[in-house]
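Novice: Numbered by our numbering, the letters in the sequence shown go through residues 104 to 603 in order.
We put the beta carbon where it would ideally sit given N, CA and C, even for glycine.
Handing you a structure now.
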Amino acid sequence: ELKRIRNDVGSQLALMECKPRHNTVDTPTLFWAGIPGNEADFPAEESFYTFLGQALCLFVEETNYKSSLSPFGIKMVDRVSGRPLHIDISDLPMKKGITTNRNKFILGPSGSGKSFFTNHMVRQYYEQGAHVLLVDTGNSYLGLSQLIHNRTHGEDGIYFTYTNENPIAFNPFYVEDGVFDIEKKESIKTLILTLWKRDDEAPKRSEEVALSNAVSAYIDLIGKDSSVTPCFNTFYEFVRDDYRRQLEQKNVREKDFDINNFLNVLEPYYRGGEYDYLLNSDKELDLLHKRFIVFELDNIKDHKILFPVTTIIIMEAFINKMRKLKGIRKLILIEEAWKAIASANMADYIKYLYKTVRKYFGEAIVVTQEVEDIISSPIVKESIINNSDCKILLDQRKYLNKFDSIQNLLGLTDKERSQILSINMANHPGRKYKEVFFSLGGTQSAVYATEVSLEEYYTYTTEESEKMELFALAEKLDGNLELAIKRLAESKRNPQSSTT
Ligand SMILES: Nc1ncnc2c1ncn2[C@@H]1O[C@H](COP(=O)(O)OP(=O)(O)OP(=O)(O)O)[C@@H](O)[C@H]1O
Ligand SMILES: [Mg+2]
């Protein structure tokens, strides 16, 4: 019997890639020392120094995951025990000096649960008072947005879809209080620079200066002359007429600022141009007082001009919002759309966004599945990855053959690598969840499970058939999505008692 047990234990340990050492000499002493209370008798020659991780590696049933003391956070689940945990990946790490910003970079292949997790996260941020702005191309936030819309009686949960009849339009020159501070000027300048230099040529110093002066002079003008309606049209006219004259007086050379080229490139945004509606909106979108806003850009995601420009003006609107809402948490989450804006020129804009976000109690979150794109783009690395202290990775098994370059790119340690590769490898068969890896400032990392109620599941799922089932049911219930979610979840929990 003893022999069988010895063999069993030995082979189980070997399965865990541990090498068992079978003691024969001091067995009685070891047995004695193994009795609780006798550890002081453990023979010194049998002990050695090691790291905590190794020393505790057999305590698999006990993670030391604890709920955070921070009042702010999200609900995750201990992957081993299934116990709910409250964790803070925004404020406390900042306070402790583990991170220097709240930005997040989320990476995972298609279907790994990125949108599901982000739904789960932004919903909880929203419920704790944050302003949430999402830019999406896959209708992943429709359920949550509608739910909020219904709950707030249409006050919040605003969903903008880009359509030809009803395109998303802004007016970057409009400010509610008529005050243009340095940040606002900078933001307008960067926006126009980005539209002007869409390709990968960097602007010259002299061009930047000329544009900066033009923006300042135009702002002076609209401050003094109320007959000039602030919008891109009048800005364009100002540059074309007044500013051109000023440049001539100052003898600015064409090679320092080619005004004709400038006007030419920006003409599509001016009255009569193909995109003249984009920057001349007379209706101001009220983004300031809405806390949950989704921009759905699927219709234009392959459009070479509209997609990046719309993304930029959304970001611009966000920056504007950020400056106004002092002391309130706000986040912008961009799914895939960052690809359109990750050119050399836009990189400055992204950098600017990230820098500004940090200063105004905000966070920028980029979600992506395109590992090739991030690996091949130094811009993305510099502006997005290096400025996101929180990295969130989902199941990477599909990328196993490229994982070395991902590890390299994100600067992950070997320990983090094995944590990531352990995701979803030994999930509890009776529970429905997916695991997520968080790394904070490159110093703290852990894997948690995103495990939600059936109600939350039906709100967040992106599975086409499930979404259709849900929305069809909601339609039958006079558009009451919340009731539809309740009914559907109930019918899955108790298939017999279902009445719908
Ligand atoms: N934590 C979870 N618990 C249960 N099911 C989940 C979880 N996360 C994801 N799923 C399931 O996986 C599906 C796909 O997830 P999700 O849409 O989040 O993937 P994704 O990474 O955003 O993919 P894509 O890149 O294609 O948008 C969901 O519809 C849901 O059914
Ligand atoms: Mg998704």
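Would you call the stretch 207-225 and the stretch 470-487 touching, i.e. three or more CB-CB distances under 8 Å?
Specialist: Short answer: they touch.
Novice: Please look up how many angstroms separate the CB atoms of valine 235 and leucine 434, rounded, as I've assumed it's under 8 Å.
Specialist: Position 132 of the sequence shown holds residue 235. Position 331 of the sequence shown holds residue 434. Between leucine 434 and valine 235 the Cβ distance is about 6 Å, and since that is below 8 Å, they are a contact.
Novice: Using the three-state DSSP reduction, which class does valine 278 fall into: helix, strand or coil?
Specialist: On the sequence shown, residue 278 is found 175 positions in, with the first residue counted as 1. If DSSP states are grouped into helix, strand and coil, valine 278 belongs with coil.
Novice: Tell whether a beta-carbon distance below 8 Å holds between leucine 497 and glycine 216.
Specialist: Residue mapping note: residue 497 aligns to position 394 of the sequence shown, counting from 1. Residue mapping note: residue 216 aligns to position 113 of the sequence shown, counting from 1. Taking 8 Å as the Cβ cut-off, leucine 497 and glycine 216 qualify as a contacting pair.
Novice: Quick check on glutamate 438: does DSSP put it in helix, strand or coil?
Specialist: Your numbering for residue 438 matches position 335 in the sequence shown. Here glutamate 438 sits in strand by DSSP.
Novice: Identify, in the order they occur along the chain, each residue of the same chain with its Cβ nearer than 6 Å to the Cβ of serine 248, setting aside the five sequence neighbours on each side.
Specialist: Within the sequence shown, numbered from 1, the residue matching residue 248 stands at position 145. So the qualifying residues of the chain are Gly260, Tyr262 and Val397.
Novice: Just curious, the beta strand (DSSP E) that lysine 494 is in, first and last residue?
Specialist: Reading the sequence shown from its first residue, position 391 is the one you call residue 494. Where lysine 494 is concerned, the enclosing beta strand (DSSP E) stretches over 493-496.
Novice: Taking the alpha carbon of aspartate 361 as the reference point, which residue from His531, Lys404 and Arg343 has its own alpha carbon closest?
Specialist: Position 258 of the sequence shown, counted from the first residue, corresponds to residue 361. With distances taken between Cα atoms, aspartate 361 lies closest to Arg343.
Novice: Leaving aside the five residues before and after glycine 605 along the sequence, list all residues of the same chain whose C-beta is less than 6 Å from its C-beta, in chain order.
Specialist: Since the first residue shown for the chain is 104 and the last is 603, residue 605 is missing from the structure and cannot be characterised.
Novice: Report back the beta-carbon spacing between asparagine 204 and aspartate 451 to the nearest angstrom; my notes put them in contact at under 8 Å.
Specialist: The residue labelled residue 204 in the question sits at position 101 within the sequence shown. The residue labelled residue 451 in the question sits at position 348 within the sequence shown. Between aspartate 451 and asparagine 204 the Cβ distance is about 18 Å, and since that is not below 8 Å, they are no contact.
Novice: For the beta strand (DSSP E) containing lysine 537, list its first residue and its last residue.
Specialist: If you number the sequence shown from 1, residue 537 lands on position 434. First-last of the beta strand (DSSP E) with lysine 537: 537-543.
Novice: Excluding five sequence neighbours on each side, which residues of the same chain lie with their C-beta closer than 6 Å to the C-beta of threonine 337?
Specialist: For the purposes of this step, residue 337 is taken as residue 234 along the sequence shown, with counting starting at 1. Hits under 6 Å: Val331.
Novice: Are the beta-carbon atoms belonging to asparagine 222 and serine 243 less than 8 Å from one another?
Specialist: As a working mapping, residue 222 is identified with position 119 in the sequence shown. As a working mapping, residue 243 is identified with position 140 in the sequence shown. Result yes, Cβ atoms of asparagine 222 and serine 243 sit closer than 8 Å.
Novice: In terms of DSSP beta bridges, what is valine 552 paired with?
Specialist: Mapped onto the sequence shown, residue 552 falls at position 449. The sequence shown places alanine at residue 552, rather than the valine named in the question. Note: alanine 552 sits in a beta bridge opposite Val180 and Glu538.
Novice: Measuring only from the beta carbon, is serine 659 closer than 7 Å to any heavy atom that is part of ligand 2?
Specialist: The first residue shown for the chain is 104 and the last is 603, placing residue 659 beyond what the model contains.
Novice: Measuring only from the beta carbon, is lysine 207 closer than 7 Å to any heavy atom that is part of ligand 1?
Specialist: Residue 207 sits at position 104 when you count from the first residue of the sequence shown. No.
Novice: Would you kindly report the start and end of the unbroken beta strand (DSSP E) that includes phenylalanine 398?
Specialist: For the purposes of this step, residue 398 is identified with residue 295 of the sequence shown, where counting begins at 1. Element bounds for phenylalanine 398: 395-399.
Novice: With distance defined between alpha-carbon atoms, name the residue in Glu340, Thr297 and Arg500 nearest to proline 411.
Specialist: For the purposes of this step, residue 411 is taken as the residue at position 308 of the sequence shown. When each option's Cα is compared against that of proline 411, the closest is Thr297.
Novice: Using the three-state DSSP reduction, which class does isoleucine 138 fall into: helix, strand or coil?
Specialist: Along the sequence shown, read from residue 1 onward, the residue named residue 138 stands at position 35. In the structure shown, isoleucine 138 sits in coil (DSSP, three-state: anything other than H, G, I, E or B).
Novice: In three-state terms, what does DSSP make of proline 196?
Specialist: In the sequence shown, residue 196 corresponds to position 93, counting from 1. Three-state result, proline 196: helix.
Novice: Using the three-state DSSP reduction, which class does glutamate 485 fall into: helix, strand or coil?
Specialist: Counting from one through the sequence shown, the residue named residue 485 turns up at place 382. It is helical.
Novice: Tell me which same chain residues have a C-beta within less than 8 Å of the C-beta of valine 180, skipping the five on either side of it?
Specialist: To locate residue 180, count along the sequence shown from 1; it is residue 77. Once the five neighbours on either side are set aside, the close Cβ partners of valine 180 are Arg186, Pro187, Leu188, Tyr536, Tyr551, Ala552, Thr553 and Glu554.
Novice: Should proline 174 go down as buried or exposed, given a rule of 16 or more other Cβ atoms within 10 Å for buried?
Specialist: Walking along the sequence shown from the start, residue 174 turns up at place 71. When all chains shown are included, proline 174 counts as exposed.
Novice: Taking DSSP's pairing of strands, which residues face tyrosine 346 in a bridge?
Specialist: The sequence position of residue 346 within the sequence shown is 243, counting from 1. For tyrosine 346, which the question treats as bridged, DSSP gives no partner whatsoever.
Novice: Hey, out of Glu567, Tyr560, Glu566 and Thr565, whose CA is closest to arginine 590's CA?
Specialist: For the purposes of this step, residue 590 is taken as residue 487 along the sequence shown, with counting starting at 1. Nearest of Glu567, Tyr560, Glu566 and Thr565 to arginine 590, Cα basis: Tyr560.
Novice: Rounded to a whole number of angstroms, what is the C-alpha to C-alpha distance between proline 333 and serine 384?
Specialist: The sequence position of residue 333 within the sequence shown is 230, counting from 1. The sequence position of residue 384 within the sequence shown is 281, counting from 1. C-alpha separation (whole angstroms): 10 Å.
Novice: To the nearest whole angstrom, what separates the beta carbons of glutamate 538 and arginine 182, a pair I think is in contact under 8 Å?
Specialist: Within the sequence shown, numbered from 1, the residue matching residue 538 stands at position 435. Within the sequence shown, numbered from 1, the residue matching residue 182 stands at position 79. Between arginine 182 and glutamate 538 the Cβ distance is about 6 Å, and since that is below 8 Å, they are a contact.
Novice: For lysine 433, write down the residues that DSSP places opposite it in a beta bridge.
Specialist: Counting from one through the sequence shown, the residue named residue 433 turns up at place 330. Answer is His234 and Gly465.
Novice: Can you tell me which of Ile190, Phe220, Ser218 and Phe365 puts its alpha carbon nearest to the alpha carbon of lysine 300?
Specialist: Working through the sequence shown from its first residue, we reach residue 300 at position 197. Of the candidates Ile190, Phe220, Ser218 and Phe365, the one whose C-alpha sits nearest the C-alpha of lysine 300 is Phe365.
Novice: Here's the rule I'm using: 16 or more other beta-carbon atoms within 10 Å means buried, otherwise exposed. How should aspartate 612 be labelled?
Specialist: This structure cannot settle anything about residue 612, because the visible part of the chain is limited to 104 through 603.
Novice: Confirm, please, whether the CB-CB distance from isoleucine 271 to threonine 413 is below 8 Å.
Specialist: For the purposes of this step, residue 413 is taken as residue 310 along the sequence shown, with counting starting at 1. For the purposes of this step, residue 271 is taken as residue 168 along the sequence shown, with counting starting at 1. Yes, Cβ-Cβ distance for threonine 413 and isoleucine 271 is below 8 Å.
Novice: Could you pull out every unbroken alpha helix (DSSP H) segment of at least 4 residues lying fully inside the stretch 314-377, listed in chain order?
Specialist: If we require 4 residues or more, the alpha helix (DSSP H) runs fully inside the stretch 314-377 come out as 335-341, 347-352 and 362-369.
Novice: What does the alpha-carbon distance come out to for the pair alanine 117 and glycine 544?
Specialist: Position 14 of the sequence shown, counted from the start, is the residue given in the question as residue 117. Position 441 of the sequence shown, counted from the start, is the residue given in the question as residue 544. Computed Cα separation, rounded: 35 Å.
Novice: Between tyrosine 168 and alanine 587, is the Cβ-Cβ spacing less than 8 Å?
Specialist: Taking the sequence shown and counting its residues from 1, one reaches residue 168 at position 65. Taking the sequence shown and counting its residues from 1, one reaches residue 587 at position 484. Not closer than 8 Å, so no.
Novice: Measure from the alpha carbon of leucine 324 to the alpha carbon of each residue in Val282, Glu578, Val312 and Ala305, then state which is nearest.
Specialist: As a position in the sequence shown, residue 324 is number 221, starting the count at 1. For leucine 324, the nearest C-alpha among the options comes from Val282.
Novice: Exposed or buried, what is isoleucine 108 when buried is set at 16 or more other beta-carbons lying within 10 Å of its beta-carbon?
Specialist: Taking the first residue of the sequence shown as 1, we reach residue 108 at position 5. Label assigned to isoleucine 108: exposed.
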